[in-house]
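Written below as structure tokens is the structure these notes are about.
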Amino acid sequence: MTEQEYERFNEFINTTLYETMTDDDYYEVMDSLDVPHNGHMFKTCCHNEDLSHAKYNLSLYNKTFTCFSECNGEKYSLLSLVKKRFELIGEPKSTVQCIKYICKICDIPFDFNTKEVEVKKKYNWKYLKKYVKGYKEEVEEIIYDDEILNFFPKTYYQEWLNYGISKETLDKYEIGWYSYRQQITIPCRDYNGNLIGIRVRNLDKDAEAKYIPLQLLDSTSYKFPTGNYFYGENFNFERIKQTKKVWLVEAEKTVLKMDTWSNGNNTSLGLYGSNFTDVKLNRLLKLEPSTIYIAIDSDFHEVGDEEYKKFEEKVYKIGDKLNPYVQNIEVIYNNCGFDGYKYSPTDFTREQFNELWKRRERIK
Numbered sequence: 317m318t319e320q321e322y323e324r325f326n327e328f329i330n331t332t333l334y335e336t337m338t339d340d341d342y343y344e345v346m347d348s349l350d351v352p353h354n355g356h357m358f359k360t361c362c363h364n365e366d367l368s369h370a371k372y373n374l375s376l377y378n379k380t381f382t383c384f385s386e387c388n389g390e391k392y393s394l395l396s397l398v399k400k401r402f403e404l405i406g407e408p409k410s411t412v413q414c415i416k417y418i419c420k421i422c423d424i425p426f427d428f429n430t431k432e433v434e435v436k437k438k439y440n441w442k443y444l445k446k447y448v449k450g451y452k453e454e455v456e457e458i459i460y461d462d463e464i465l466n467f468f469p470k471t472y473y474q475e476w477l478n479y480g481i482s483k484e485t486l487d488k489y490e491i492g493w494y495s496y497r498q499q500i501t502i503p504c505r506d507y508n509g510n511l512i513g514i515r516v517r518n519l520d521k522d523a524e525a526k527y528i529p530l531q532l533l534d535s536t537s538y539k540f541p542t543g544n545y546f547y548g549e550n551f552n553f554e555r556i557k558q559t560k561k562v563w564l565v566e567a568e569k570t571v572l573k574m575d576t577w578s579n580g581n582n583t584s585l586g587l588y589g590s591n592f593t594d595v596k597l598n599r600l601l602k603l604e605p606s607t608i609y610i611a612i613d614s615d616f617h618e619v620g621d622e623e624y625k626k627f628e629e630k631v632y633k634i635g636d637k638l639n640p641y642v643q644n645i646e647v648i649y650n651n652c653g654f655d656g657y658k659y660s661p662t663d664f665t666r667e668q669f670n671e672l673w674k675r676r677e678r679i680k
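Convert by adding 316 to the 1-based position in the sequence shown; the result is the number in our numbering.
Below, the structure written as structure tokens:
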């Protein structure tokens with residue numbers, strides 16, 4: 317394939333995705349992949365192989381998909397999403413095969429010699445970046461200027477105070493308020509105290525996700541690769557080194573409440589979700605913990621139901637990674653039958669939490 321032909325192929329992709337295809341075509345492709353949708357919101361096929369219990373947190377707007385869940389605001393073109401979906405379900409396809417698949421579903425002529433295109437296996441994504449909207453790449457790691465925090469006044473959100481987070485903890489973690497979007501701002505720092513990003517907690521019940529990266533009116537985003545960091549590491553790493561114990565929890569709010577409950581002697585780390593990556597594992601092992609408490613959200617109605625099985629899989633996925641390196645692994649979750657669907661352990665009362673603690677289960 318000549319450079320001219322190759323460029324024509326790249327142009328074809330751009331034209332197909334953003335000019336030829338209609339919104340209905342996009343829905344037809346997603347239907348062909350058995351991805352349920354509710355209006356413009358799709359189940360998160362970008363990171364959930366099994367969609368039966370996935371959430372409708374994948375938004376389609378202006379022919380670009382945005383995941384407001386585990387992918388942390390990541391954007392996908394239809395092409396990159398189709399490619400990732402096939403990889404997730406164990407049927408990996410090349411980029412060329414994916415665009416050909418899209419064309420077949422939408423009845424769009426594909427007049428390229430597949431073999432010739434495939435020969436150029438280094439599919440030039442950098443070149444395509446200027447054509448394909450939402451091209452997924454690694455989120456750049458940036459250290460932000462602390463000055464930005466001056467724009468978000470200190471807040472003592474009453475509901476969080478009622479929840480059991482003290483004013484001292486809110487001050488310590490620099491919790492602020494973004495009035496324009498009615499969001500709680502949560503600065504995220506690395507072990508050395510560098511500001512690596514800012515997350516916000518949406519208070520609007522109709523918001524697409526509870527926790528997302530801060531985005532200003534000028535579209536400046538303070539996102540960061542959450543798979544590389546823990547929330548609370550700047551305060552809690554040293555304490556973990558001393559005690560050799562660590563709590564792995566999902567949300568920032570849980571870390572804050574544990575800080576209050578422990579009077580600042582906190583050994584919890586927020587996963588920014590439930591994704592325990594190899595990067596996180598390696599960083600955690602440097603602290604040489606001997607006991608790990610897995611305390612992710614109890615995303616099930618009762619022990620033994622289908623959702624519980626998914627919860628159990630998530631727990632063991634984390635446990636299996638830790639198993640070769642630590643002496644004790646224990647799980648704290650709602651095995652008491654309390655009314656608390658999707659509750660984290662700290663969402664319960666202190667008395668209920670103590671019951672969960674007594675009934676914690678050791679998996680190693």
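Here a beta-carbon is modelled for each residue, glycine too, at the ideal position from N, C-alpha and C.
(request) Measure the beta-carbon distance from ILE512 to LEU530 and round it to whole angstroms, keeping in mind my assumption that it falls under 8 Å. (result) Reading the sequence shown from its first residue, position 196 is the one you call residue 512. Reading the sequence shown from its first residue, position 214 is the one you call residue 530. So it is not a contact: roughly 12 Å between Cβ atoms.
(message) Taking the straight line between their C-alpha atoms, what separation do you get for ALA525 and PHE384?
(response) If you number the sequence shown from 1, residue 525 lands on position 209. If you number the sequence shown from 1, residue 384 lands on position 68. Rounded to whole angstroms, ALA525 to PHE384 spans 6 Å at the Cα level.
(message) Counting C-beta neighbours from all protein chains within 10 Å, is the total for GLU335 16 or more, i.e. buried, or is it exposed?
(response) If you number the sequence shown from 1, residue 335 lands on position 19. That one is exposed.
(request) Keeping to the same chain, check which residues put their C-beta closer than 8 Å to that of LYS442; ignore five residues upstream and five downstream. (result) Your numbering for residue 442 matches position 126 in the sequence shown. Low confidence applies here, because LYS442 scores a pLDDT of 45, under 50, leaving its location unreliable; read the following figure in that light. There are no such residues.
(request) Mind checking which residues open and close the alpha helix (DSSP H) that includes ARG401? (result) Here residue 401 is taken as the residue at index 85 of the sequence shown, counted from 1. First-last of the alpha helix (DSSP H) with ARG401: 394–404.
(message) Please report the straight-line C-alpha distance between LEU597 and ILE556, rounded to a whole angstrom.
(response) Within the sequence shown, residue 597 is the residue found at index 281, counting from 1. Within the sequence shown, residue 556 is the residue found at index 240, counting from 1. The alpha-carbon atoms of LEU597 and ILE556 are separated by roughly 14 Å.
(request) Using alpha carbons as the reference points, say which of THR380, THR583 and PHE592 lies closest to PRO541. (result) Residue mapping note: residue 541 aligns to position 225 of the sequence shown, counting from 1. The candidate whose alpha carbon is nearest that of PRO541 is PHE592.
(message) Across the stretch 614–629 and the stretch 641–654, are there enough close Cβ pairs to call them in contact, namely three or more that are closer than 8 Å?
(response) Put simply, the stretch 614–629 touches the stretch 641–654. At least three CB pairs are less than 8 Å apart.
(message) I need the straight-line Cα distance from PRO661 to GLY355, nearest angstrom please.
(response) Residue 661 sits at position 345 when you count from the first residue of the sequence shown. Residue 355 sits at position 39 when you count from the first residue of the sequence shown. Cα-Cα distance, rounded: 33 Å.
(message) For a test of the three-state rule: what should DSSP assign to TYR334, helix, strand or coil?
(response) What you label residue 334 is simply residue 18 of the sequence shown in a count that begins at 1. The answer is helix: DSSP assigns TYR334 an H, G or I state.
(message) Helix, strand or coil for TYR547? Go by DSSP, reduced to three states.
(response) Translated into positions along the sequence shown, residue 547 becomes position 231. Three-state DSSP puts TYR547 in a strand.
(request) With distances taken Cα to Cα, identify the nearest neighbour of ASP615 among PRO605, LYS637 and GLY589. (result) The residue you call residue 615 lines up with position 299 of the sequence shown. The shortest Cα separation from ASP615 among PRO605, LYS637 and GLY589 belongs to GLY589.
(request) Counting only the same chain and skipping the five closest in sequence on each side, list residues whose C-beta sits under 7 Å from that of TYR377. (result) In the sequence shown, residue 377 corresponds to position 61, counting from 1. The residues are HIS356.
(request) Would you mind working out which of ASN478, LEU603, THR332 and TYR545 sits nearest TYR420, comparing C-alpha positions? (result) Position 104 of the sequence shown holds residue 420. The sequence given here has Lys at residue 420, not Tyr. Checked all of ASN478, LEU603, THR332 and TYR545; the closest Cα to LYS420 is THR332.
(request) Could you check what DSSP says for CYS414 in three-state terms: helix, strand or coil? (result) For the purposes of this step, residue 414 is taken as residue 98 along the sequence shown, with counting starting at 1. Of the three classes helix, strand and coil, the one that applies to CYS414 here is helix, per DSSP.
(message) For SER606, tell me which candidate among VAL562, MET574 and PHE627 has the shortest Cα-Cα distance.
(response) Counting from one through the sequence shown, the residue named residue 606 turns up at place 290. Comparing Cα-Cα distances from SER606 to each of VAL562, MET574 and PHE627, the minimum goes to VAL562.
(message) My assumption, with CB atoms under 8 Å, is that GLU568 sits in contact with GLY586. Please give the rounded CB distance.
(response) Along the sequence shown, one-based indexing puts residue 568 at 252. Along the sequence shown, one-based indexing puts residue 586 at 270. Confirmed, about 5 Å.
(request) Report yes or no: do three or more beta-carbon pairs, one from the stretch 664–675 and one from the stretch 630–645, lie closer than 8 Å? (result) no
(request) At 4 residues or longer, and completely inside the stretch 582–617: list those alpha helix (DSSP H) runs for me, N to C. (result) 594–601
(message) Within 10 Å of its beta-carbon, does PHE325 have 16 or more other beta-carbons around it, so buried, or fewer, so exposed?
(response) In the sequence shown, counting from the first residue as 1, residue 325 sits at position 9. Taking all protein chains in view, the Cβ of PHE325 is crowded by 16 or more other Cβ atoms within 10 Å, so the residue is classified as buried.
(request) Give the C-beta separation of TYR342 and LYS379 to the nearest angstrom, bearing in mind that I take them to be a contact with Cβ-Cβ under 8 Å. (result) Stepping through the sequence shown from its first residue, residue 342 is reached at position 26. Stepping through the sequence shown from its first residue, residue 379 is reached at position 63. TYR342 to LYS379, Cβ: 7 Å. Contact.
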